[in-house]
Amino acid sequence: MNIIVCLKQILDPEVPARDFRVDSDKKEAVRGGAALVTNIFCENALETALQLREKTGGKITALVFSPESGEDSLRKAMAMKADEAVLVLNDGHPNPDPLAVAQALAAAIRKIGSCDLVMVGRESGDWGVGQTGGLLAEELGFPSISFVDGIESGPDGLTLNRQTDTGSEKVSASTPLVVTVTNNEFNVPRIPKTRDIMMSARQPITKWTLDEIDVDAAAVRAGGDYYEIVDLEIPVREINCEFVSGDTLEERVDQLAKRMVEVIQAL
Amino acid sequence: MHVITILFSNSGYDRAAQGVVGAGRALATAYGARLSAVVVGQDNPGMNSQLAAAVDEVIVAAQPELAEYQPETFLAALTSICRELSPVALLFGNDTWSQEIVPRLAHRLGGSAAGDGIELSVVDGAVRVRRSVYGGKAVATIALKRSPAVLWLRARAFDPAPETGSTAEIRQVTPELPAAPATRIVERKSEQSGEARLEDARVIVSGGRGLGGPEPFADLQELAGMIGAQVAASRAACDSGWCPPSWQVGQTGKKVAPGLYLAVAIRGASQHMAGISDAKVIAAINIDAEAPIFKHCRFGIVEDYKKVVPLLKEKLAGMKG
Ligand SMILES: Cc1cc2nc3c(=O)[nH]c(=O)nc-3n(C[C@H](O)[C@H](O)[C@H](O)COP(=O)(O)OP(=O)(O)OC[C@H]3O[C@@H](n4cnc5c(N)ncnc54)[C@H](O)[C@@H]3O)c2cc1C
Ligand SMILES: Nc1ncnc2c1ncn2[C@@H]1O[C@H](COP(=O)(O)O)[C@@H](O)[C@H]1O
Numbered sequence: 003m004n005i006i007v008c009l010k011q012i013l014d015p016e017v018p019a020r021d022f023r024v025d026s027d028k029k030e031a032v033r034g035g036a037a038l039v040t041n042i043f044c045e046n047a048l049e050t051a052l053q054l055r056e057k058t059g060g061k062i063t064a065l066v067f068s069p070e071s072g073e074d075s076l077r078k079a080m081a082m083k084a085d086e087a088v089l090v091l092n093d094g095h096p097n098p099d100p101l102a103v104a105q106a107l108a109a110a111i112r113k114i115g116s117c118d119l120v121m122v123g124r125e126s127g128d129w130g131v132g133q134t135g136g137l138l139a140e141e142l143g144f145p146s147i148s149f150v151d152g153i154e155s156g157p158d159g160l161t162l163n164r165q166t167d168t169g170s171e172k173v174s175a176s177t178p179l180v181v182t183v184t185n186n187e188f189n190v191p192r193i194p195k196t197r198d199i200m201m202s203a204r205q206p207i208t209k210w211t212l213d214e215i216d217v218d219a220a221a222v223r224a225g226g227d228y229y230e231i232v233d234l235e236i237p238v239r240e241i242n243c244e245f246v247s248g249d250t251l252e253e254r255v256d257q258l259a260k261r262m263v264e265v266i267q268a269l
Numbered sequence: 254m255h256v257i258t259i260l261f262s263n264s265g266y267d268r269a270a271q272g273v274v275g276a277g278r279a280l281a282t283a284y285g286a287r288l289s290a291v292v293v294g295q296d297n298p299g300m301n302s303q304l305a306a307a308v309d310e311v312i313v314a315a316q317p318e319l320a321e322y323q324p325e326t327f328l329a330a331l332t333s334i335c336r337e338l339s340p341v342a343l344l345f346g347n348d349t350w351s352q353e354i355v356p357r358l359a360h361r362l363g364g365s366a367a368g369d370g371i372e373l374s375v376v377d378g379a380v381r382v383r384r385s386v387y388g389g390k391a392v393a394t395i396a397l398k399r400s401p402a403v404l405w406l407r408a409r410a411f412d413p414a415p416e417t418g419s420t421a422e423i424r425q426v427t428p429e430l431p432a433a434p435a436t437r438i439v440e441r442k443s444e445q446s447g448e449a450r451l452e453d454a455r456v457i458v459s460g461g462r463g464l465g466g467p468e469p470f471a472d473l474q475e476l477a478g479m480i481g482a483q484v485a486a487s488r489a490a491c492d493s494g495w496c497p498p499s500w501q502v503g504q505t506g507k508k509v510a511p512g513l514y515l516a517v518a519i520r521g522a523s524q525h526m527a528g529i530s531d532a533k534v535i536a537a538i539n540i541d542a543e544a545p546i547f548k549h550c551r552f553g554i555v556e557d558y559k560k561v562v563p564l565l566k567e568k569l570a571g572m573k574g
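Protein sequences appear in the order of chains A and B.
Residues in the first sequence are numbered from 3 upward in steps of one, following my numbering.
Residues in the second sequence are numbered from 254 upward in steps of one, following my numbering.
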């Protein structure tokens with residue numbers, strides 16, 4: 003099975019709210035001292051792919067569309083034991099819209115060639131768009147399933163487990179297929195071994211420019227014509243917390259219980 | 254001109270569906286357009302007639318093949334229905350199915366999609382959506398450049414639609430469906446924490462990684478039972494396997510709006526808070542006075558939950574009697 007896992011490099015989402023700033027002219031977060039990291043759901047996707055490969059064999063190609071910095075995400079994917087790495091260099095708009103991204107990724111996937119399963123995260127931790135999987139499926143003409151958290155391969159194709167609002171569903175699917183992956187307790191990304199991290203630094207990465215894949219490079223560089231961010235702001239909503247008082251723990255918990263009941267009775 | 258709300262008949266005309274129709278009416282008014290409701294799934298006559306009082310036309314697709322949700326089949330049905338109506342906007346709720354369908358339907362119709370909308374407006378004839386980004390640390394306004402605008406909304410953030418005062422026509426359609434879809438949902442499992450949906454819960458008690466294991470969730474459930482609350486969790490608690498993924502509240506979990514949200518051993522990361530921005534009162538039990546959760550709390554206690562929860566149960570039991 004040939005699996006392609008798409009990884010997005012983003013500003014570290016763990017930056018606490020108090021340190022977070024935006025540039026409202028550029029309509030982007032200010033990077034400041036924050037690190038660039040691989041989006042967590044992409045790592046959940048890679049982990050799911052690695053577990054599938056352990057059972058069925060096959061090849062995993064990690065694919066990133068980003069500036070040169072995206073190489074770090076690919077190195078980490080190789081350290082986690084992806085087989086191959088492809089970087090499509092974004093030398094245009096810093097935040098292309100989701101259709102432009104999907105078109106670039108689809109063109110890269112076609113150029114990579116044989117592909118049975120495309121895996122992406124359910125959404126990215128920066129813009130939280132949640133559309134790349136669906137748009138990619140349409141660009142490639144593949145069916146797709148969202149919120150997958152486990153994949154088994156059998157003689158009749160794939161069996162997916164996916165999360166729903168109320169629980170879960172089992173889905174049987176043939177390939178080729180696009181899935182978006184969400185988190186559960188079984189796809190927490192593995193920590194690469196030190197030795198594998200060192201080896202990953204020497205592994206080859208295939209690099210393509212937008213002009214080397216079959217995409218409208220000018221349109222992607224311009225950021226696409228799907229949608230545009232027209233405003234970005236930080237909402238202010240902090241309130242003063244009243245810490246319950248009392249001399250003993252018992253008194254304080256009594257206060258807590260009273261406040262809770264007050265609120266509930268007023269509902 | 255048409256604004257269309259897309260609803261699934263299995264959930265009925267619930268609060269979420271009402272919110273979607275409410276948003277649809279506001280958008281239709283801004284455009285001077287007609288508001289239609291497309292209802293897909295097993296025929297639900299009760300829902301159709303409720304809708305007939307709130308929209309200008311009800312379009313029902315209820316072939317046997319649509320009795321249960323299947324992604325490729327529903328997508329094909331909606332594509333064919335919407336193509337015929339050439340709408341300016343299509344509105345969905347924030348359920349799993351809607352989120353799955355929206356980008357693909359937008360692509361098929363040559364439109365633009367956006368998700369998790371909390372506010373809509375029309376500027377120069379194009380739809381703009383406000384949505385929370387950067388894990389809830391910022392809010393963006395997005396202008397959609399293609400038509401139709403295909404959106405899924407944080408449905409309960411929108412007021413229900415007023416009744417029109419007349420009864421809209423209910424029209425059955427039978428869109429063409431793919432013969433052999435490449436994916437098939439073969440089994441469905443439900444793992445709710447109670448009967449009611451978390452989204453509709455009036456009171457929620459939620460546990461985080463600070464609980465340290467699965468057992469304390471049983472205590473939280475007992476506590477919740479005493480005050481008519483549902484139990485929820487942070488992503489860290491779900492990822493640890495202490496509770497089912499469907500309990501997760503946050504940016505990528507449930508968006509809840511209870512009157513009271515009690516966060517127990519939850520730090521208050523922005524991605525968690527993104528799920529409770531509509532809660533009326535937030536309260537917390539946390540051992541760390543500097544935990545960001547307290548920045549959002551009306552009241553709270555800085556203490557080990559292991560000491561607080563048993564006492565709290567005692568107090569609440571006493572107050573009941
Ligand atoms: C893209 C993305 C999406 C995400 N989506 C979500 C989401 O939907 N929902 C979500 O919840 N998170 C989400 N997260 C994760 C989020 O960033 C946090 O990592 C997570 O919410 C932390 O969970 P927590 O507060 O339970 O754990 P921790 O951060 O580990 O905090 C534990 C808290 O418990 C307290 N504590 C410890 N021991 C005790 C004790 N004995 N008594 C009382 N208090 C104690 C500590 O002081 C601390 O405040 C997302 C992250 C990303 C990057
Ligand atoms: N620039 C990118 N390069 C590679 N994969 C991406 C890129 N952007 C989005 N993706 C994939 O699409 C998923 C969802 O992202 P989004 O639709 O932007 O929320 C991510 O988790 C990635 O798997």
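Even glycine gets a Cβ: it sits at the ideal position worked out from N, Cα and C.
{"Item": "Less than 7 Å between the beta carbons of A/F144 and A/V180, yes or no?", "Value": "yes"}
{"Item": "Taking 6 Å as the limit between beta carbons, can you name the residues of its chain near B/L280, skipping five residues before and five after?", "Value": "V256, A342 and L373"}
{"Item": "Tell me which residue opens and which closes the alpha helix (DSSP H) that B/F327 is part of.", "Value": "P324 to L338"}
{"Item": "According to DSSP, simplified to helix, strand and coil, what is A/H95?", "Value": "coil"}
{"Item": "Among B/A402, B/V382, B/C491 and B/K508, which one has its Cα closest to the Cα of B/A451?", "Value": "Looking at the sequence provided, one finds Leu at residue 451 of chain B rather than Ala. For B/L451, the nearest C-alpha among the options comes from B/K508."}
{"Item": "Can you list, in chain order, the residues of the stretch 4 to 35 of chain A whose Cβ is nearer than 9 Å to any Cβ on chain B?", "Value": "L13, P15, E16, V17, P18, A19, R20, F22, V24, K29 and A31"}
{"Item": "Please report how far the alpha carbon of B/G574 lies from the alpha carbon of B/P563, in whole angstroms.", "Value": "Residue placement at B/G574 is flagged as unreliable, the pLDDT there being 49, under the threshold of 50; the coordinate-derived value follows with that caveat. Approximately 17 Å, taken between the alpha carbons."}
{"Item": "Do we get a CB-CB distance below 7 Å when we pair B/M572 with the residues of chain A?", "Value": "yes"}
{"Item": "Using only CA atoms, which one of B/V273, B/E556, B/L565 and B/Y558 lies nearest to B/F411?", "Value": "B/V273"}
{"Item": "Which of the three DSSP states, helix, strand or coil, is assigned to A/L76?", "Value": "helix"}
{"Item": "Around the Cβ of B/K568, are there at least 16 other Cβ atoms within 10 angstroms (buried) or fewer (exposed)?", "Value": "buried"}
{"Item": "With respect to the beta strand (DSSP E) encompassing B/A486, which residues constitute its N-terminal and C-terminal limits?", "Value": "Q483 to A486"}
{"Item": "Would B/R520 and B/V534 qualify as a contact pair, given that the criterion is a beta-carbon distance under 7 Å?", "Value": "no"}
{"Item": "Quick check: B/V355 and B/V308, are their CB atoms within less than 7 Å of each other?", "Value": "no"}
{"Item": "Please list, in chain order, the chain B residues whose beta carbon lies closer than 7 Å to that of A/L234.", "Value": "A391 and A393"}
{"Item": "What is the rounded straight-line gap between the Cα of A/S146 and the Cα of A/N4?", "Value": "16 Å"}
{"Item": "Counting only runs of 3+ residues fully inside the stretch 126 to 162 of chain A, write out the beta strand (DSSP E) ranges in chain order.", "Value": "146 to 156"}
{"Item": "Determine, using beta-carbon pairs with one atom in the stretch 106 to 122 of chain A and one in the stretch 27 to 41 of chain A, whether at least three such pairs fall under 8 Å.", "Value": "no"}
{"Item": "Could you please go through the chain and list the residues whose beta-carbon is closer than 5 Å to any non-hydrogen atom of ligand 1?", "Value": "A/P15, A/I42, A/G127, B/G461, B/R462, B/G463, B/S487, B/R488, B/A489, B/G503, B/Q504, B/T505, B/G506, B/A518, B/I519, B/R520, B/A522, B/Q524, B/H525, B/N539, B/I540, B/D541, B/A544, B/D557 and B/Y558"}
{"Item": "B/A320: which of B/E416, B/D557 and B/S264 sits nearest, CA to CA?", "Value": "B/S264"}
{"Item": "Out of B/M479, B/A329 and B/Q303, which has the shortest C-alpha to C-alpha gap to B/A314?", "Value": "B/A329"}
{"Item": "Quick one: does the C-beta of A/Q133 sit closer than 6 Å to a heavy atom of ligand 2?", "Value": "yes"}
{"Item": "Below 8 Å on C-beta distance, what does A/P145 contact in chain B?", "Value": "P324, E325, P434, A435 and T436"}
{"Item": "Counting only the same chain and skipping the five closest in sequence on each side, list residues whose C-beta sits under 6 Å from that of B/A542.", "Value": "V555"}
{"Item": "Where are the beta strand (DSSP E) runs, 3 residues long or more, that stay fully inside the stretch 23 to 58 of chain A, in chain order?", "Value": "38 to 40"}
{"Item": "Answer with buried or exposed for A/R33, where buried requires no fewer than 16 other C-beta atoms within 10 angstroms of its C-beta.", "Value": "exposed"}
{"Item": "Under three-state DSSP, which class holds A/L269?", "Value": "coil"}
{"Item": "Cα separation between A/S156 and A/A84?", "Value": "The sequence given here places Gly at residue 156 of chain A; Ser does not occur at that position. Taking the straight line joining both Cα atoms gives about 22 Å."}
{"Item": "So A/V173 packs on A/N46, CB below 8 Å; how close in whole Å?", "Value": "A/V173 to A/N46, Cβ: 18 Å. No contact."}
{"Item": "Does any C-beta atom of chain A lie closer than 7 Å to the C-beta of B/S499?", "Value": "yes"}
{"Item": "For B/Y514, which residues does DSSP report across the bridge?", "Value": "B/I457 and B/I535"}
{"Item": "Put A/K195 into one of helix, strand or coil per three-state DSSP.", "Value": "coil"}
{"Item": "Would you report the Cα separation of A/L13 and A/E30, rounded to the nearest angstrom?", "Value": "10 Å"}
{"Item": "Determine, for B/L569, whether the minimum Cβ-Cβ distance to residues of chain A falls below 7 Å.", "Value": "yes"}
{"Item": "Evaluate A/N242 with the Cβ neighbour count: other Cβ atoms within 10 Å of its Cβ, from every protein chain shown; 16 or more gives buried, anything less gives exposed.", "Value": "exposed"}
{"Item": "Going by DSSP, what residues sit across from A/G169 in a beta bridge?", "Value": "B/S443"}
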